[in-house]
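A.B. asks: Count along the sequence shown from 1, add 16, and you get the number used in our numbering. Idealized CB from N, CA, C, for every residue including glycine.
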Amino acid sequence: MAGRVVLIGEDRQVHLIDSDGGRPQALTVDWSKQLMASRWGEPAPPSTAWIWPVWSPDGVWVAAFEIPYDDDAAGPAQLQLLSTDGVRQVALFTLTDEAPLYAAWSPDGARLAVLTQPTDGSLNLHHVAVDRPGVSRVLEQGAPLFFSWAPEGQQISVHVGGRRAGRVIVRDALGDGADLTPSASPGLYCAPIWIGGRLVFVEGQSGLRGVVLSANADGSDPREVARLVGLAAITPAFDGERLLLGVAQDGEGGAYDTVRLIHLSSGEDVLVNDEPCLAFFWSAARQSLLYVRVDRDRGHLSWHERRVGAPPRALCRFIPTREMLFHLHYFDQLSLTHPLVSADGATLVFAGTLVEDDADPSGGPQIYALDLDGEEGPRPLAAGAYACVCPR
Numbered sequence: 017m018a019g020r021v022v023l024i025g026e027d028r029q030v031h032l033i034d035s036d037g038g039r040p041q042a043l044t045v046d047w048s049k050q051l052m053a054s055r056w057g058e059p060a061p062p063s064t065a066w067i068w069p070v071w072s073p074d075g076v077w078v079a080a081f082e083i084p085y086d087d088d089a090a091g092p093a094q095l096q097l098l099s100t101d102g103v104r105q106v107a108l109f110t111l112t113d114e115a116p117l118y119a120a121w122s123p124d125g126a127r128l129a130v131l132t133q134p135t136d137g138s139l140n141l142h143h144v145a146v147d148r149p150g151v152s153r154v155l156e157q158g159a160p161l162f163f164s165w166a167p168e169g170q171q172i173s174v175h176v177g178g179r180r181a182g183r184v185i186v187r188d189a190l191g192d193g194a195d196l197t198p199s200a201s202p203g204l205y206c207a208p209i210w211i212g213g214r215l216v217f218v219e220g221q222s223g224l225r226g227v228v229l230s231a232n233a234d235g236s237d238p239r240e241v242a243r244l245v246g247l248a249a250i251t252p253a254f255d256g257e258r259l260l261l262g263v264a265q266d267g268e269g270g271a272y273d274t275v276r277l278i279h280l281s282s283g284e285d286v287l288v289n290d291e292p293c294l295a296f297f298w299s300a301a302r303q304s305l306l307y308v309r310v311d312r313d314r315g316h317l318s319w320h321e322r323r324v325g326a327p328p329r330a331l332c333r334f335i336p337t338r339e340m341l342f343h344l345h346y347f348d349q350l351s352l353t354h355p356l357v358s359a360d361g362a363t364l365v366f367a368g369t370l371v372e373d374d375a376d377p378s379g380g381p382q383i384y385a386l387d388l389d390g391e392e393g394p395r396p397l398a399a400g401a402y403a404c405v406c407p408r
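1. Mind checking which residues open and close the beta strand (DSSP E) that includes E321?
2. When you compare the CB positions of I172 and A129, do they come within less than 8 Å of one another, or not?
3. Distance check for T251 and L352, CA to CA, integer angstroms please.
4. So, using beta-carbon positions, are A231 and R239 closer together than 8 Å?
5. Between the beta-carbon of G361 and the beta-carbon of A401, is there less than 8 Å?
6. Consult DSSP for D266 and reduce its assignment to one of helix, strand or coil.
7. Could you tell me the alpha carbon to alpha carbon distance between D34 and A18, rounded to whole angstroms?
8. Does T64 pass the burial test, meaning 16 or more other C-beta atoms within 10 Å, or should it be called exposed?
9. Kindly identify the DSSP beta-bridge partner or partners of S164.
10. Which of the three DSSP states, helix, strand or coil, is assigned to E372?
11. Could you have a look at D348 and say whether DSSP puts it in helix, strand or coil?
12. Would the region 280–294 count as touching the region 254–263 if we require 3 or more Cβ pairs under 8 Å?
13. Starting from the C-beta of A107, find all residues in its chain whose C-beta is less than 7 Å away, skip the five residues before and the five after it, and write them out in chain order.
14. Is S48 helix, strand or coil by DSSP?
15. L364: buried (16+ other C-beta within 10 angstroms of its C-beta) or exposed?
16. Can you give me the C-alpha to C-alpha distance between A145 and R314, rounded to a whole angstrom?
17. Can you give the Cα-Cα distance for A126 and V78, rounded to whole angstroms?
18. Taking A359 and P407 to be in contact with their CB atoms under 8 Å, please state how far apart those CB atoms are, rounded to whole angstroms.
19. Less than 8 Å between the beta carbons of G25 and H31, yes or no?
20. I need the DSSP call for R338, collapsed to helix, strand or coil.
21. To the nearest angstrom, report how far apart V151 and E291 are at their CA atoms.
22. Measuring only from the beta carbon, is C332 closer than 7 Å to any heavy atom that is part of the ligand FMN?
23. Among S48, V22 and L306, whose alpha-carbon lies nearest the alpha-carbon of T100?
24. Which residues mark the beginning and the end of the beta strand (DSSP E) in which T112 is found?
25. Determine, using beta-carbon pairs with one atom in the region 188–196 and one in the region 220–227, whether at least three such pairs fall under 8 Å.
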């Protein structure tokens, strides 16, 4: 069965489509470009564009930011909720002096965390409840800032600040509970994650050394998961028991030299990939790693797949869109909420231009779907800049 994909089309509007190309549906329309959009003698409504769509956990809603169509135009940005049946649209949150980065639904679908950037270059993390449009509160401020929702959907873990002044806190998004501080000296990594009800983060040590810990939300009962040297990326294996640990030994945001699959309880530690990669994604359904490599000499990226103990399989080469490249740089944060691999493991979606002998680079970037069980290459779904798949 084809999964549902949300995408930003070449018209910069929000669209839905099946991963096999069926059932295309426009969720938004730029009314300023439609004939008869306004009454005779009245000015047309302002032109707007959309960025960073994200599915609700149940697949009923899409949240996305509506912004002025001209990137340089002044005007507020709004976080809108769009029902996937095309009937309802709710203005949830308005930004006036902050640029929207991305939003993340809580696991219960009751609220969203919204990351924004004020004009001073710092970062703000806002909380907005679905049933209270127009009401928001700032959860945390600082830079850099990464976060993840706790499984019950009320607490949120935040890694804010650099190594010297950084910390990991667990905050009640509703403002009812006291802050918890599981780590006051975080290591080199981005987003803390939750596995089996426990928080997983990297504690800093001397130099580039760090230790991956699993602990309760308040930092009690810490258990060592792994030791490392360099920059770490941790993502869940989505089975409640295991995580993926990537390590870039230079500690400066270079390629991840290795990716390991680690069981939190048994300590089983298996090398999955030893090819340097920019980003990696685990498919629980396929029990395989999808990862992206960089070809600096030829100026493109490439998708690969690898199972434990098996050789890598090259999938395709491409040049990413700006939005796609942003996703790949912050994959450990965005893979929690903006999946690129369908829940059944059958399809990979991405945005860009293919680098193949028979590809036409003049046609502009496309949203591609790749059948991971098939022999054919990626198929274009629509012209566009960004896409992610429904989590259900």
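C.D. replies: According to the structure data:
1. H316 to R323 is the extent of the beta strand (DSSP E) around E321.
2. The Cβ atoms of I172 and A129 sit closer than 8 Å to each other.
3. If you take the alpha carbons of L352 and T251, they lie about 8 Å apart.
4. Result yes, Cβ atoms of A231 and R239 sit closer than 8 Å.
5. No, these two residues do not count as a Cβ contact at 8 Å.
6. Looking at D266 - three-state DSSP - the assignment turns out to be coil, as it is neither helix nor strand.
7. Distance between the alpha carbons of D34 and A18: 6 Å.
8. Of the other Cβ atoms in all chains shown, 16 or more fall within 10 Å of the Cβ of T64; this residue is therefore buried.
9. Beta-bridge pairing links S164 to S173.
10. Note: E372 maps to coil in three-state DSSP.
11. Correct three-state label for D348: helix.
12. Touching, yes.
13. The answer, listed in chain order, is Q94, Q96 and P149.
14. DSSP places S48 in helix when its eight states are reduced to three.
15. When all chains shown are included, L364 counts as buried.
16. A145 and R314 have their C-alpha atoms spaced approximately 46 Å apart.
17. The alpha-carbon atoms of A126 and V78 are separated by roughly 13 Å.
18. At roughly 6 Å, the Cβ-Cβ gap stays under 8 Å, so A359 and P407 are in contact.
19. Yes.
20. Reduced to three states, the DSSP call for R338 is helix.
21. If you take the alpha carbons of V151 and E291, they lie about 46 Å apart.
22. Among the ligands in the structure shown, none appear at all, so the ligand FMN cannot be discussed.
23. Ranking the options by Cα distance to T100, first place goes to V22.
24. No beta strand (DSSP E) contains T112, which DSSP labels as neither H nor E.
25. The region 188–196 makes no contact with the region 220–227: fewer than 3 CB pairs, one atom from each, lie closer than 8 Å.
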